[in-house]
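Worksheet for the structure shown next.
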Amino acid sequence: MTIAYIALGSNLASPLEQVNAALQAIADIPDSRIVAVSSFYRTPPLGPQDQPDYLNAAVALDTALSAEALLNHTQRIELQQGRTRKAERWGPRTLDLDIMLFGDSVIHTERLTVPHYDMKNRGFMLWPLFEIAPDLVFPDGLPLRQQLTFLAVEKPAGW
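Written out as structure tokens, the structure is:
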């Protein structure tokens with residue numbers, strides 16, 4: 001079994017309902033169980049500012065699946081909840097599920113990069129992660145707590 005940390009985000013179509021539905025769908029992923037869920041945070045959008053704030057959260061999932069199999073499930077959940085992938089990189093979305101970490105694995109495939117390529121620069125990913133895994137150490141040996149101190153980003157407001 002491996003602990004995977006998944007970031008959840010939504011800013012369209014009732015974000016609270018979207019994230020709650022995603023959590024239920026994640027709980028239904030085979031050979032896996034949720035071990036922790038963060039609080040829900042309100043964060044400004046990354047990129048174009050003419051869109052609603054995001055609801056962000058993190059979940060710890062204990063899974064027997066491979067990282068690629070887990071990705072298949074998270075992408076299926078996104079699609080089932082109306083996610084459309086457009087060329088606009090930081091546009092609004094019904095649901096975004098990102099595998100931030102998969103145990104201490106470092107993965108670089110065409111479909112998946114773990115650790116998430118820019119998570120260390122994103123307070124909206126790090127704060128929820130810190131809430132559920134305050135003693136986490138990244139695969140490169142950097143403690144999450146130290147990265148948050150370095151980033152100097154305030155803890156987001158609750159949803």
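Residue 1 is where the sequence shown starts when you use full-length UniProt numbering, and the numbers rise one by one after that. Beta carbons: idealized from backbone N, C-alpha and C, even for Gly.
For residue i, the three-state DSSP class (helix, strand or coil)
| i | result |
| --- | --- |
| PHE102 | strand |
| GLY47 | coil |
| LEU12 | coil |
| ALA64 | coil |
| HIS116 | coil |
| THR2 | strand |
| ILE29 | coil |
| ARG93 | coil |
| ARG111 | coil |
Residue i versus residue j - alpha carbon distance
| i | j | result |
| --- | --- | --- |
| GLY103 | ALA69 | 15 Å |
| LEU142 | ASP50 | 35 Å |
| PHE124 | ASN56 | 6 Å |
| SER38 | ALA7 | 10 Å |
| PRO48 | GLY9 | 16 Å |
| LEU61 | LEU23 | 11 Å |
| PRO156 | ALA13 | 21 Å |
| ILE34 | HIS73 | 14 Å |
| GLY82 | TYR54 | 16 Å |
| ALA64 | ASP28 | 13 Å |
| GLU131 | TRP159 | 15 Å |
With 16 other Cβ atoms within 10 Å as the buried cut-off, status of residue i
| i | result |
| --- | --- |
| HIS108 | exposed |
| VAL19 | buried |
| ALA4 | buried |
| ASN11 | buried |
| THR149 | exposed |
| GLN146 | exposed |
| ARG93 | buried |
Start-to-end residues for the beta strand (DSSP E) that takes in residue i
| i | result |
| --- | --- |
| ILE132 | No beta strand (DSSP E) holds ILE132; the alpha helix (DSSP H) holding it covers 123-132. |
| ARG145 | Taken as a continuous stretch (DSSP letters only), ARG145 belongs to no beta strand (DSSP E), being part of the alpha helix (DSSP H) at 144-151. |
| SER32 | 32-37 |
Pick from the options that is closest to residue i, judged by C-alpha positions
| i | options | result |
| --- | --- | --- |
| TYR117 | ALA133, HIS73, LEU129 and ASP98 | ASP98 |
| MET119 | ASP53, GLN75, ALA58 and THR74 | ALA58 |
| VAL114 | LEU151, PRO128, SER66 and GLY158 | SER66 |
| PRO52 | LEU148, TYR5, ASP140 and PRO15 | PRO15 |
| PHE138 | ARG93, LYS155, LEU101 and GLU110 | LEU101 |
| GLU154 | SER105, TRP127, LEU136 and GLU131 | TRP127 |
| MET1 | PRO156, SER105 and THR43 | SER105 |
| TYR41 | LEU129, ASP140, LEU144 and ARG145 | LEU129 |
| THR133 | GLU17, ALA36 and ALA13 | The residue asked about is misnamed: residue 133 is Ala in this sequence, not Thr. The residue with the shortest Cα to Cα distance from ALA133 is ALA36. |
| LEU71 | THR94, SER32, TRP159 and THR43 | SER32 |
| ARG122 | GLN80, LEU46, ALA21 and GLU17 | LEU46 |
Residue i: CB within 7 Å of a non-hydrogen atom of the ligand HEM
| i | result |
| --- | --- |
| ASP31 | Looking at this structure, you won't find the ligand HEM or any other ligand, since it has none at all. |
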